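>
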Amino acid sequence: MVEVAAQPPVLSRKRKLPSLMRALRLPEKDPLALIGVTIYVVFLLVALFADFLAKDPLEILFLDDGNLAANLGPSLEFPLGTTNLGRDIFSQLVIGTRSAFMVGLTAALAVVALGTLVGLVSGYFGGLVDAALMRLADIALGIPFLPFVIVLAAFLGPQTQNVVIAITVLLWPNTARVIRSQVLTLRERGFVEAARVAGSSDWRIIRVHIAPNILPLSLLYGSIAIGWAILTEASVSFLGFGPSGSVSWGGMLQDAYASQALSRGSYNWFIPPGLCIVLVVVAGFFISRGYEEVLFPKLKD
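Be aware that the sequence shown starts at 266, since it is given in our numbering, and climbs by one per residue.
Spelled out as structure tokens, the structure:
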């Protein structure tokens, strides 16, 4: 009898894992989510060790005979060849990974933080607060995304933080609406009513009882926001509104387009950055699919 009585506390502790820990373990249950996480980890490692993997991406290179090392094909010395100005494409691709993830991670954190906060406040308090915040979200959703980012970057200057601000301003409503709908159901649960009867304040209920339960959804939309942010930064840089003096995947595509790399058959110049952008966006989709099937099991039916 003593052994039987000692078992339930151990089982209950295993079942009551924090929501954040459960969310971090979800990719193990889905192969596509694991692939998406692996892609992110690989790119993140490349961004962290970019200085050791690449040379100066803006350095103009010359051959041993003194001629400009322009439009060279892939080789051992230059794995992806060189540009028309004699710059190493591989170095630009590696350093561009750092720029992409700096924008992607910063924008994703800002989008998730703002969207989660708005969703929590709107869903829990309801009434006029909910109506005002949701109308603000409707306005943000009605603004054309890429033109707004271009205009804001043009007025405030082609700087990384301005691109991040523009992305945050327009992407937070997607996260906020989903979080709000989840909070609307959670605030009617028995454990929330029990905390309210016990004298807990509204903000304590939100912080302790509701927020931990919506963390997996926040992580889900964070993974999507990383891909969207990197894609947006690449689009802005391709159109010439990106940060000057820095190397990015979009800037590489813009340089390749301006030098007519496609007509000259320089596929080694524009395919690698385009493929990297595709992989990052697809990785976010894979992670979101894995989280959806675990968080919403009915989607499998």
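C-beta: ideal position from N, C-alpha, C; glycine also. For clarity, every value in this text was computed on a predicted model and none was experimentally measured.
1. Mapping DSSP to helix, strand and coil, what is Thr433?
2. Would you list the one or two residues that DSSP bridges to Phe327?
3. Count the other CB atoms, across all protein chains shown, that sit within 10 Å of the CB of Glu570; report buried if there are 16 or more and exposed otherwise.
4. Could you give the distance in angstroms between the alpha-carbon of Phe343 and the alpha-carbon of Ser356?
5. For Phe413, which residues of its own chain have a beta-carbon under 7 Å away from its beta-carbon, when the five flanking residues on both sides are left out?
6. Could you tell me which residues DSSP puts in a beta bridge with Thr347?
7. Using CA coordinates, which residue listed in Tyr486, Ile475, Phe535 and Ala490 is at the minimum distance from Phe503?
8. How many angstroms separate the CA atom of Lys320 from the CA atom of Arg352?
9. On the CB-based measure, 16 or more other CB atoms within 10 Å of its CB, does Asn332 come out buried or exposed?
10. For Ser392, report the span of its alpha helix (DSSP H) as first-last.
11. Within a Cβ cutoff of 6 Å, which residues of the same chain sit near Val383, ignoring the five residues on either side of it in sequence?
12. Within a Cβ cutoff of 8 Å, which residues of the same chain sit near Pro339, ignoring the five residues on either side of it in sequence?
13. At the level of alpha carbons, what is the spacing between Ala548 and Ile495?
14. Would you kindly check if the distance between the Cβ of Phe506 and the Cβ of Gly301 is under 9 Å?
15. Helix, strand or coil, according to DSSP, for Gly319 in the structure here?
16. With DSSP collapsed to three states, give me the class of Val512.
17. The alpha helix (DSSP H) that contains Arg452, what's its start and end?
18. Thinking just about the alpha-carbon of each residue, which of Thr362, Leu337, Ile325 and Asn336 is nearest to the one in Leu310?
19. Should Val376 and Gly492 be called a contact, given that it needs their Cβ atoms to be closer than 9 Å?
20. From Arg452 to Leu401, what distance separates their C-alpha atoms?
21. Measure the C-alpha to C-alpha separation of Gln447 and Glu324 and round it to an integer number of angstroms.
22. Have a look at Leu527, Ile542, Ser553 and Val546 and flag the residue whose alpha-carbon is nearest the alpha-carbon of Val336.
23. Below 8 Å CB to CB, which residues in the same chain sit around Ala419 once its five sequence neighbours on both sides are set aside?
24. Is the beta carbon of Ser483 sitting closer than 9 Å to the one on His474?
25. If you draw a straight line from the alpha carbon of Ser387 to that of Leu393, how long is it in whole angstroms?
26. How many whole angstroms separate the CB atoms of Thr303 and Leu379, which I take to be in contact at a CB cut-off of 8 Å?
27. Between the alpha carbons of Pro481 and Leu299, how many angstroms are there, rounded?
28. Are the CB atoms of Thr381 and Ala460 within a distance shorter than 9 Å?
29. Could you check whether the Cβ of Phe551 sits closer than 9 Å to any Cβ belonging to chain D?
30. Below 7 Å CB to CB, which residues in the same chain sit around Ala270 once its five sequence neighbours on both sides are set aside?
31. Going by alpha carbons, who is nearest to Arg218 out of Phe327, Asn349, Pro322 and Ala315?
On the basis of the data shown:
1. For this step, residue 433 is matched to residue 168 along the sequence shown. For Thr433, the three-state secondary structure derived from DSSP is helix.
2. In the sequence shown, residue 327 corresponds to position 62, counting from 1. Per DSSP, the beta bridge partners of Phe327 are Leu333.
3. Absent from the structure is residue 570, since the part of the chain shown begins at 266 and ends at 566.
4. The residue labelled residue 343 in the question sits at position 78 within the sequence shown. The residue labelled residue 356 in the question sits at position 91 within the sequence shown. Roughly 9 Å separates the two Cα atoms.
5. As a first step, residue 413 is located in the sequence shown; it is residue number 148 there, counting from the start. Here the set comprises Ala431 and Leu435.
6. What you label residue 347 is simply residue 82 of the sequence shown in a count that begins at 1. Bridge pairing for Thr347: Asp353 [DSSP].
7. Your numbering for residue 503 matches position 238 in the sequence shown. Among Tyr486, Ile475, Phe535 and Ala490, the Cα nearest to that of Phe503 is on Phe535.
8. Taking the sequence shown and counting its residues from 1, the one referred to as residue 320 is at position 55. Taking the sequence shown and counting its residues from 1, the one referred to as residue 352 is at position 87. Our two residues, Lys320 and Arg352, have alpha carbons roughly 10 Å apart in a direct line.
9. The residue you call residue 332 lines up with position 67 of the sequence shown. By the Cβ neighbour-count rule, Asn332 is exposed, with fewer than 16 other Cβ atoms within 10 Å of its own.
10. Taking the sequence shown and counting its residues from 1, the one referred to as residue 392 is at position 127. Checking the displayed sequence, the identity of residue 392 turns out to be Gly instead of Ser. Gly392 to Gly407 is the span of the alpha helix (DSSP H), which, as asked, contains Gly392.
11. Locating residue 383 in the sequence shown gives position 118, counting from the first residue. Correct list, in chain order: Leu398 and Ala441.
12. Within the sequence shown, the letter at position 74 stands for residue 339. Once the five neighbours on either side are set aside, the close Cβ partners of Pro339 are Leu345, Gly346 and Asn533.
13. Translated into positions along the sequence shown, residue 548 becomes position 283. Translated into positions along the sequence shown, residue 495 becomes position 230. Distance between the alpha carbons of Ala548 and Ile495 is about 12 Å.
14. Along the sequence shown, read from residue 1 onward, the residue named residue 301 stands at position 36. Along the sequence shown, read from residue 1 onward, the residue named residue 506 stands at position 241. Gly301 places its beta carbon 9 Å or farther from that of Phe506.
15. Walking along the sequence shown from the start, residue 319 turns up at place 54. Reading off the sequence, residue 319 comes out as Ala, not Gly. Of the three classes helix, strand and coil, the one that applies to Ala319 here is coil, per DSSP.
16. Taking the first residue of the sequence shown as 1, we reach residue 512 at position 247. The DSSP-derived three-state label of Val512 is coil.
17. Along the sequence shown, read from residue 1 onward, the residue named residue 452 stands at position 187. Note, Arg452: premise wrong, no alpha helix (DSSP H); not H, not E.
18. Your numbering for residue 310 matches position 45 in the sequence shown. Nearest C-alpha to Leu310: Thr362.
19. Position 111 of the sequence shown, counted from the first residue, corresponds to residue 376. Position 227 of the sequence shown, counted from the first residue, corresponds to residue 492. Not closer than 9 Å, so no.
20. Counting from 1 along the sequence shown, the entry for residue 452 is found at position 187. Counting from 1 along the sequence shown, the entry for residue 401 is found at position 136. Computed Cα separation, rounded: 23 Å.
21. Mapped onto the sequence shown, residue 447 falls at position 182. Mapped onto the sequence shown, residue 324 falls at position 59. Using only the alpha carbons, I get a separation of about 52 Å.
22. Taking the sequence shown and counting its residues from 1, the one referred to as residue 336 is at position 71. A small fix is needed here, since residue 336 is Asn in this sequence, not Val. Nearest option by C-alpha distance: Leu527.
23. One-based indexing of the sequence shown puts residue 419 at position 154. Non-local C-beta neighbours of Ala419 in its own chain, meaning closer than 8 Å and more than five positions away in sequence, comprise Phe506, ordered along the chain.
24. Mapped onto the sequence shown, residue 483 falls at position 218. Mapped onto the sequence shown, residue 474 falls at position 209. With contacts defined as CB atoms closer than 9 Å, Ser483 and His474 fail to qualify as a contacting pair.
25. Taking the sequence shown and counting its residues from 1, one reaches residue 387 at position 122. Taking the sequence shown and counting its residues from 1, one reaches residue 393 at position 128. Within the model, the alpha-carbon separation for Ser387 versus Leu393 is close to 9 Å.
26. Sequence index remark: in the sequence shown, residue 303 carries index 38 (1-based). Sequence index remark: in the sequence shown, residue 379 carries index 114 (1-based). That pair is no contact at about 28 Å.
27. The sequence position of residue 481 within the sequence shown is 216, counting from 1. The sequence position of residue 299 within the sequence shown is 34, counting from 1. Approximately 16 Å, taken between the alpha carbons.
28. Locating residue 460 in the sequence shown gives position 195, counting from the first residue. Locating residue 381 in the sequence shown gives position 116, counting from the first residue. The beta carbons of Ala460 and Thr381 sit no closer together than 9 Å.
29. Here chain D cannot be found, since the structure has a single protein chain.
30. Indexing the sequence shown from 1 puts residue 270 at position 5. Residue placement at Ala270 cannot be trusted, given a pLDDT of 42 that sits under 50; what the coordinates show is reported in the next sentence. Closer than 7 Å at Cβ, skipping near neighbours: no residue.
31. There is simply no residue 218 to check, as the chain begins at 266 and stops at 566 in what is shown.
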